[in-house]
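Participant: Residue numbers (the numbering used here): -11 to 132.
Glycine residues also receive a C-beta, built at the ideal position from the N, C-alpha and C atoms.
A quick note: this is a predicted structure, and the numbers were derived from the prediction, not measured.
Pasting a structure here, questions to come.
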Ligand code: SF4
Ligand code: SF4
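Right, here's the structure in full:
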């Protein structure tokens, strides 16, 4: 499962379109609104987490761009506090990208930040809050 967080900026004339609904219905993408600031006939902004097939997410974003919606990817930096993690392995069951995984030889729970998509599923699931995520670095999403 591909998961990324985007900042969307809507022009005045399309800020009232039900884009989230359209992404779900037309492209079979899960869309989770993390923040929204949209008023009628004003430019709007939304922080949206999109999950689904990578090509579907790309098509969905291209669809938004066809309405002059500006799309930026919100980079997430995820870290694991090794002092707190007690290697319970719960997070490996929810991590959609394989960034958290079990090494069979010694059953160690490992974290590969390179594979992490910043979906945040492990952050809320970890019983001791060992996974920490910081959002804020934005980069233009020329691709997905
Ligand atoms: S759920 Fe938390 S404590 Fe358990 S292995 Fe994952 S990061 Fe470590
Ligand atoms: S935020 Fe956590 S669950 Fe999501 S991809 Fe990264 S390590 Fe895996």
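Distance check for residue 92 and residue 58, CA to CA, integer angstroms please.
Facilitator: In a straight line, the C-alpha of residue 58 is about 44 Å away from that of residue 92.
Participant: Which same chain residues end up closer than 6 Å to residue 12 when comparing Cβ atoms and leaving out the 5 residues on each side of it in sequence?
Facilitator: Result list for residue 12: 19, in chain order.
Participant: I'd like to check one pair, residue 17 with residue -2: are the Cβ atoms closer than 8 Å?
Facilitator: Against a cut-off of 8 Å, the Cβ pair of residue 17 and residue -2 comes out as no contact.
Participant: Ligand 2 and residue 84: does any heavy atom of the ligand fall closer than 7 Å to the residue's C-beta?
Facilitator: Under cutoff, so the answer is yes.
Participant: Taking the straight line between their C-alpha atoms, what separation do you get for residue 130 and residue 54?
Facilitator: For residue 130, the predicted structure reports a pLDDT of 43, less than 50, and the residue's modelled location is therefore unreliable. A value from the coordinates is still provided. So the two alpha carbons sit approximately 14 Å from each other.
Participant: Leaving aside the five residues before and after residue 118 along the sequence, list all residues of the same chain whose C-beta is less than 6 Å from its C-beta, in chain order.
Facilitator: Cβ within range, chain order: 68, 69, 72, 73.
Participant: Would DSSP call residue 1 helix, strand or coil?
Facilitator: Three-state result, residue 1: helix.
Participant: Restricting to runs no shorter than 3 residues, where is the beta strand (DSSP E) found entirely within the region 36 to 99?
Facilitator: Listed in chain order, the complete beta strand (DSSP E) runs (minimum 3 residues) inside the region 36 to 99 are 58 to 68, 88 to 91, 96 to 99.
Participant: In terms of residues, what are the limits of the alpha helix (DSSP H) holding residue 13?
Facilitator: Counting along the chain, the alpha helix (DSSP H) containing residue 13 begins and ends at 7 to 15.
Participant: Could you tell me the boundaries of the alpha helix (DSSP H) in which residue 113 lies?
Facilitator: Taken as a continuous stretch (DSSP letters only), the alpha helix (DSSP H) holding residue 113 covers 109 to 113.
Participant: Just the C-alpha distance for residue 114 and residue 1, rounded to the nearest angstrom, thanks.
Facilitator: Taking the straight line joining both Cα atoms gives about 42 Å.
Participant: Residue 36 and residue 49: beta carbons closer than 8 Å?
Facilitator: No. Outside cutoff.
Participant: Closest by CA to residue 43, which one among -9, 122, 104, 102?
Facilitator: It is -9 whose Cα lies nearest to the Cα of residue 43.
Participant: Work out the CA separation of residue 64 and residue 100 for me, nearest whole Å.
Facilitator: Each residue's Cα considered, the two are about 14 Å apart.
Participant: In terms of residues, what are the limits of the beta strand (DSSP E) holding residue 21?
Facilitator: Per DSSP, residue 21 belongs to the beta strand (DSSP E) from 18 to 25.
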